[in-house]
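Everything on this sheet refers to the single structure shown next.
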Amino acid sequence: MKSEASILRKLLTGIVLLAIATVLFDTLLEQLLHLLHTSFELLEFILDTLVEHIFKTDRYTSQLIAFYLMMLAAAVVVYKAGKRLLGSYRKMKNSLFEARIGLKNKVRKYWQTMRLIDKIQWGSVWVVSGCLLLWGLFS
Numbered sequence: 001m002k003s004e005a006s007i008l009r010k011l012l013t014g015i016v017l018l019a020i021a022t023v024l025f026d027t028l029l030e031q032l033l034h035l036l037h038t039s040f041e042l043l044e045f046i047l048d049t050l051v052e053h054i055f056k057t058d059r060y061t062s063q064l065i066a067f068y069l070m071m072l073a074a075a076v077v078v079y080k081a082g083k084r085l086l087g088s089y090r091k092m093k094n095s096l097f098e099a100r101i102g103l104k105n106k107v108r109k110y111w112q113t114m115r116l117i118d119k120i121q122w123g124s125v126w127v128v129s130g131c132l133l134l135w136g137l138f139s
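Counting with the UniProt record's numbering, you get residues 1 to 139 for the letters of the sequence shown.
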């Protein structure tokens, strides 16, 4: 079992990190974006150098080849993400459709079990509410 001191240390560390992330959010975001940009530039430079050495091309041609290779990689990522998002959308649409059908059947069953006086009361409440809403909107 963990000691009380180690639990307290982890809790305080979490609170301090949360406070830093809250107070310095813009700085952390800027540094993260800068790190991503620098990583991309490094990857581009390495790819340029590899293409230049493998195909014995000049700097401009190797940059052009590297650009199109990166565009191909980005297109593959976008394609795979699109397929995955489309699958998730279909699952969500089917589950919402099934939930709607279930709710519709539940409401229909409830309506069929209601007495006539309850149906009249229910309907009159909605009619009066609608009239009051329209009166409030147009007065």
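Quick reminder that beta carbons are idealized off the backbone N, C-alpha and C, glycines included.
CB of alanine 66 within 8 Å of CB of leucine 47, strictly | yes
Measure the Cβ-Cβ separation of valine 51 and serine 62 and say whether it is below 8 Å.
-> yes
Proximity of leucine 28 and alanine 21 at Cβ, strictly below 8 Å = yes
Cα-Cα separation between phenylalanine 55 and tyrosine 68, rounded to whole angstroms | 15 Å
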